[in-house]
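Report on the structure given below.
Right, here's the structure in full:
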């Protein structure tokens, strides 16, 4: 699967952001909007927080009328609403991806990822991913294969003509931690080394010798979108992924990422270390 440029999940996000901005511009509170439209305050809040599945055109039309939105902007937002009602390429995996992760990845121009304990999902082999899911207390055994399939399918975004650039900073611990078996790890690291040659992928290793560093609190990813779209910080808690769209939060994590990026080995030294650790796993396989 590849991004089509019309990912409904991303369209809903853009629509919600526009509605928040427009309400602020007219100086109305959520309760005031709800009262004017005869809605519950919760309905307004859910629309602005992108907590809707398929936004109703009549609802968006009513909001735009209340805010006095006309002309091209009104036409654009109503068109955006229609697109937001569509079905994602990823609909068969919708239950596995809260927050429309594949849609967000497809729309991003750049993804920057820091991983402390595991190889990034976009760079995992099927056996490595399966070992992670099988060891989880969260993923039911019967869902493992679907989870693996969905994770492998996500990688197609890197081959899409308009797909994002991917920059991964991976802690050395993730390379040495045996997930599945030494054989699984050897194959995973050799695959990782191969992906490092992909024209859209940069793989950097944060070595043990770097000591304490700015990202000691854990893994995260930054998704950058075409201007003026705000970026998103994705934080994995194990049980779920949290998506934070907040400028200050994005700025903070950008500084953290730049910190670990600067401490990481360069691409050539990173590749040498990956291949050396893969050889160590080979000896134990």
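In my numbering, the protein residues as written are 378 to 662.
Cβ coordinates follow ideal geometry from the N, Cα and C atoms, glycine included.
Short Cβ contact (8 Å threshold) for residue i with residue j
i: residue 609; j: residue 618; result: no
i: residue 663; j: residue 486; result: Residue numbering for the chain in the displayed model covers 378 to 662; residue 663 lies beyond these limits and cannot be assessed.
i: residue 454; j: residue 392; result: yes
i: residue 622; j: residue 603; result: no
i: residue 551; j: residue 589; result: no
i: residue 437; j: residue 458; result: yes
i: residue 600; j: residue 481; result: yes
Length of the line joining the Cα atoms of residue i and residue j
i: residue 381; j: residue 446; result: Residue placement at residue 381 cannot be trusted, given a pLDDT of 42 that sits under 50; the coordinates are not used to answer.
i: residue 376; j: residue 521; result: Given that the chain is displayed from residue 378 to residue 662, the structure contains no residue 376 and the question cannot be resolved.
i: residue 490; j: residue 592; result: 11 Å
i: residue 648; j: residue 565; result: 13 Å
i: residue 416; j: residue 579; result: 49 Å
i: residue 428; j: residue 402; result: 22 Å
i: residue 503; j: residue 510; result: 11 Å
i: residue 384; j: residue 661; result: 44 Å
i: residue 430; j: residue 506; result: 29 Å
i: residue 526; j: residue 570; result: 22 Å
i: residue 440; j: residue 414; result: 8 Å
i: residue 366; j: residue 582; result: Absent from the structure is residue 366, since the part of the chain shown begins at 378 and ends at 662.
i: residue 553; j: residue 572; result: 18 Å
i: residue 515; j: residue 524; result: 12 Å
i: residue 410; j: residue 435; result: 15 Å
i: residue 663; j: residue 577; result: In the structure as shown, the chain starts at 378 and stops at 662, and residue 663 therefore has no counterpart that could be examined.
i: residue 575; j: residue 539; result: 15 Å
Chain D within 8 Å of residue i, Cβ atoms only
i: residue 657; result: Note that chain D does not occur in the displayed structure, where there is just one protein chain.
Nearest-angstrom beta carbon gap, residue j and residue i [assumed within contact, 8 Å]
i: residue 537; j: residue 483; result: 7 Å
i: residue 418; j: residue 389; result: The pair is not a contact, with the Cβ atoms about 20 Å apart (cut-off 8 Å).
i: residue 672; j: residue 549; result: With the chain represented from 378 up to 662, any question about residue 672 goes unanswered, as that position is not in the structure.
Residues near residue i in its chain [Cβ-Cβ closer than 6 Å; skip 5 each side]
i: residue 555; result: 562
i: residue 587; result: 640
i: residue 420; result: none
Close-in-space but distant-in-sequence residues of the same chain around residue i (CB under 8 Å, 5 per side omitted)
i: residue 653; result: none
i: residue 425; result: 393, 396, 397, 400 and 407
i: residue 488; result: 482, 499, 541, 542, 543, 544, 598, 599, 600 and 601
i: residue 627; result: 599, 607, 608, 609, 610 and 621
Chain-order list of residues whose beta-carbon lies under 7 Å from that of residue i (same chain, five-residue window excluded)
i: residue 508; result: 556, 557 and 561
i: residue 567; result: 655
i: residue 659; result: 563
i: residue 637; result: 491, 546, 583, 590, 591 and 592
i: residue 624; result: 607
- Query: Is the segment 544–554 close to the segment 494–511, with three or more CB pairs under 8 Å?
  - Reply: yes
- Message: Quick test of the definition: if touching needs 3 or more C-beta pairs under 8 Å, does the segment 625–633 touch the segment 644–661?
- Response: no
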